[in-house]
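*Asks:*
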Amino acid sequence: MSRDFRALTRPALARRRWAIAALVAPAYGWLTLAVFLPLSAMLFFSFLKAAPFGTRPLQFTIDNYLAFVRRPYLVDVAWTSIQIGLWTTGLSALIGLPAAMALARATKGRSQQVLFLLIVLPFWTNGLVRVFSWTMVLREGGVLDYALHLVAPPAPPFSLLYSFPAIVIGLVHAYLPYMILTCYLSAAAIDEAYIEAARSLGARNPMIFAKVILPLCLPGLISGSILIFVPVIGSFMEPRILGGRVGVTMGTMIEDQFVQAFNWPLGAALSFTMLGVVLLLFGVSSRVLPRRILAQ
Amino acid sequence: MTSHLSRRSFHALFSSAFGAGLLTIAGSRRADAAATEITVLNWKGYGTDEAFALKAFAEATGIAVKHDYFNAEAEMLTKLRTNPGAYDVVLINSARTQQVQADGLIDAIDLSAVPNAKDLSPSLRDHPNILVDGKPYGVAWLWGMTSLAVRHGKVADANSWAIFSDPNYAGRLALFDDSITQVGIGALLTGQDPNNPKDLKAVTGALKAMKPNVKLMWSSEDEWNKAFAADAFDISDYWSGAAARSIKIHKLPLDFVVPKEGAIGWLDTLAIPSSSTKKAVALQFINYMIDPKFYVTWATQSGAPASTNAAAMNALPPDDLNHKIYKPEDLAKLKFMSALPDDRRQAFNDIWDEVKAYYAK
């Protein structure tokens, strides 16, 4: 591609730049409108004492950002959210990577299309419906319980609903496709020759996986993890419905501020604090990770 | 919405096509028609727009009733403020009456012009929430409550909110995920006013003590019904109207109890905007709305909250479910919700968030 550019004359190059700008402009224009403007409005709100509706005068304060100091219980809640994020991301990687490898390397043609369809299917169903169908599966007397008693009739009644695992199960179901799709892109790009070379040097399958496939899939794993971790720690629907008493997360706390307390400023400040924590986490991890990727 | 629009456009067509021809015939009746049409501002599907009622009222009085709807109380206020003269009757939750009155949006009502008002329960008719300087700014119309629902046959001794922390029912409690309701229950448990508890520490303590019992928190009627039907809990705070539907429609085995500490009530009124030009006609409509005949048909055909009219409640068939849920002797135990200032609403929310974080730990 870069060689093509060098071969072009100056006016042709300029024309191509314009073309690229024209192609990119709608996307960036949309992002500015749909993401940047509302977010900056929220950032502005987060420094107010009360949401500026009606005739109330604007009063600025940084009190909302001291929420974690003033309300120490929020630290526990944030930790719960991060744990949910870590479990969901970890399990998605554990399930998603093998699935992506199988898709990329062991299937082709029609069967691959069908498998892809099955993976993307959760995206096409309503999120609320998905969560409620999990309540049917996980509850006492639900599908899981019923299946367990078919196999082992004397077992005590079994219910996962309203527990930490239930939240993680619901979230893994919702976010797994991201992991499979990003890992698939990495796995499909692996040149068969690397694997053959490793094999000819005497490496067995576990060694090939650890030394060749896993490192080459790492970019997919990392982008999948980012795509999953960030929305999961802000999720509120799955914790609220599947978590019962334990389903109290930063997501539900923020939702409460908007829906129940009408305290938009505090809700916005909590969101931006979480954003800060997430950026910090990625900042730290990016110090550790790229060297390993670059080493390949 | 579509039926509304099509009806409106039909009217437009009709009047433009045939208007000229009909003008001479209708001319003499026009002035009447204008005077005998009133507009009601209410929630959609909340009694005043029942088809049978509009028909019966029009037949009896010749008055046509039009509707406009709101989806939130704030929207009702906005509509009242921005459309003076547009409405003749408005539904106002008694918790809001003082605020609306202070804004000068509604008029005092002369109950002597409302014949059916003589049968209203005095404690509701003269509730402090709707009186300003001793004058009522609305006619008490319907009431309901958030109280205690327990599984029939499994929980027999429920007569106190203390059952929420009774070790016999560990893991069998569901709570409504709403700060105002939960702080209200905490206040009732600690002998305080649910609208303005002074000792918030005691409220927080009472709510935290429920932790071993709490199984889940619900936020919709549907969620409640599903979880109760699946045997996920035996005890919960619940809405009276929803309890009636759970028993009647979903056949769920529950008892609805008002505990000895009391329950949290709400009271809806019909009020007259001060900008209305047809106040006498509006009073006629309000009188019909508290008429036992209207209430009995509405309650038995579609289901309704409790009427403020004692005669209307007595006129219900003896086996009607509303008798079991809204008992006259419980009325005295209700603490009706009043308006909450912003800082108190925030304080309630902070308590409930702290308690929920403690439950989750």
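From first to last, the protein sequence lines stand for chains A and B.
Under numbering that gives the first Met the number 0, the residues of the first sequence are numbered 0 to 295, in order.
Under numbering that gives the first Met the number 0, the residues of the second sequence are numbered 0 to 360, in order.
Glycine included, each C-beta is placed from N, C-alpha and C at the ideal position.
Nothing here was measured: the structure is a model prediction, and the numbers come from that model.
1. Does any residue of chain A have a CB that is nearer than 8 angstroms to the CB of B/SER245?
2. Considering only residues of the region 85 to 160 of chain B, which uninterrupted alpha helix (DSSP H) runs meet the minimum length of 4 residues and lie entirely inside it, listed in chain order?
3. For B/PRO272, list the residues DSSP reports as bridge partners.
4. Once you ignore the five residues that flank B/LYS277 on each side, which residues in its own chain have a CB closer than 6 angstroms to its CB?
5. Is there a Cβ of chain A sitting closer than 8 angstroms to that of B/ASP206, yes or no?
6. By DSSP's criteria, B/LYS334 is part of a beta bridge. Which residues make up the other side?
7. Along chain A, in chain order, which residues have C-beta atoms closer than 7 angstroms to that of B/VAL213?
8. If you draw a straight line from the alpha carbon of B/ILE234 to that of A/VAL23, how long is it in whole angstroms?
9. Output yes or no for whether 8 angstroms exceeds the beta carbon distance between B/GLN251 and B/ALA229.
10. Could you check how far apart the C-beta atoms of B/LEU266 and B/ALA139 are, in whole angstroms? I think they sit under 8 angstroms.
11. So B/GLN345 contacts chain A; which residues on that side make the cut at Cβ distance below 8 angstroms?
12. Among B/ARG344, B/ASN286 and B/ILE248, which has the Cα closest to the Cα of B/THR60?
13. With respect to the alpha helix (DSSP H) encompassing B/HIS322, which residues constitute its N-terminal and C-terminal limits?
14. How big is the Cα-Cα spacing for A/PRO238 and A/VAL231?
15. Given that a residue counts as buried once 16 or more other Cβ atoms are within 10 Å of its Cβ, and exposed if not, what is B/ARG150?
16. Quick check on B/MET336 - is its C-beta less than 8 angstroms from some C-beta in chain A?
17. Around the C-beta of B/LEU147, are 16 or more other C-beta atoms found within 10 angstroms, so that it is buried, or is it exposed?
18. Report buried or exposed for B/LYS89, applying the criterion of at least 16 other Cβ atoms within 10 angstroms of its Cβ.
19. On a Cα-Cα basis, can you pick out the residue from B/PHE293, B/ASP165 and B/ASP221 that is closest to A/ILE240?
20. Look at the alpha carbon of B/GLY185 and the alpha carbon of B/GLY84, and state the distance between them as a whole number of angstroms.
21. Any Cβ of chain B within less than 8 angstroms of the Cβ of A/VAL76?
22. Could you compute how far the alpha carbon of B/ASP132 sits from the alpha carbon of B/VAL39?
23. Does the Cβ-Cβ distance between B/ALA359 and B/GLY143 come in under 8 angstroms?
24. Distance check for B/THR189 and A/LEU147, CA to CA, integer angstroms please.
25. Could you say which of B/VAL213, B/ARG344 and B/ALA241 lies nearest to B/LYS225 if we only look at CA atoms?
26. For B/ILE271, which of B/ALA107, B/LYS117, B/ASP341 and B/PRO166 has the nearest alpha-carbon?
27. Does DSSP put A/ALA49 in a helix, a strand or coil?
28. Roughly how many angstroms separate the alpha carbons of A/SER80 and A/ILE221, rounded to a whole number?
29. To the nearest angstrom, report how far apart A/GLU191 and A/ARG14 are at their CA atoms.
30. Closer than 8 angstroms by beta-carbon distance: list the chain C residues that pair up with B/MET288, in chain order.
31. Is there a Cβ of chain A sitting closer than 8 angstroms to that of B/ALA148, yes or no?
32. For the alpha helix (DSSP H) that B/LYS247 lies in, which residues bound it at each end?
33. Does the distance between the C-beta of B/LYS355 and the nearest non-hydrogen atom of the ligand FMN fall short of 7 angstroms?
34. Would you kindly report the start and end of the unbroken beta strand (DSSP E) that includes B/ILE37?
35. In chain B, which residues lie less than 7 angstroms from A/THR87 when you measure between Cβ atoms?
36. Which first and last residues belong to the alpha helix (DSSP H) in which B/MET216 is found?
*Replies:* Answer, in terms of the structure:
1. no
2. 93 to 101 and 121 to 124
3. For B/PRO272, DSSP records a beta bridge to B/ILE105.
4. ILE37 and ASP87
5. Per the sequence presented here, residue 206 of chain B reads as Leu, with Asp not at that position. So, not an interface residue.
6. Answer by DSSP bridge pairing, in chain order: B/ILE263.
7. For B/VAL213, the residues of chain A that pass the 7 angstroms Cβ criterion are ARG244, in the order they occur in the chain.
8. 58 angstroms
9. Residue 251 of chain B is actually Leu in this sequence, not Gln. It is not a contact, given that the beta carbons lie outside the stated cut-off.
10. 6 angstroms
11. ALA260 and ASN262
12. B/ASN286
13. Counting along the chain, the unbroken alpha helix (DSSP H) around B/HIS322 starts and ends at 320 to 324.
14. 10 angstroms
15. Using a 10 angstroms sphere on the CB of B/ARG150, the tally of other CB atoms reaches 16 or more, which defines it as buried.
16. no
17. buried
18. Note on identity: in this sequence residue 89 of chain B is Val, with Lys being the wrong assignment. Answer is buried; the Cβ neighbour count reaches 16.
19. B/ASP221
20. 43 angstroms
21. yes
22. 26 angstroms
23. no
24. 45 angstroms
25. B/ALA241
26. B/ALA107
27. In this structure, DSSP gives A/ALA49 a state outside helix and strand, which the three-state scheme calls coil.
28. 20 angstroms
29. Cα-Cα distance, rounded: 39 angstroms.
30. Looking at the structure shown, chain C is missing, and the protein chains on hand are A and B.
31. no
32. 239 to 247
33. The ligand FMN is not part of this structure, which contains no ligands at all.
34. That run of the beta strand (DSSP E) goes 36 to 41.
35. Chain B residues near A/THR87: none, gap ~17 angstroms exceeds 7 angstroms.
36. No alpha helix (DSSP H) contains B/MET216, which is instead part of the beta strand (DSSP E) from 213 to 217.
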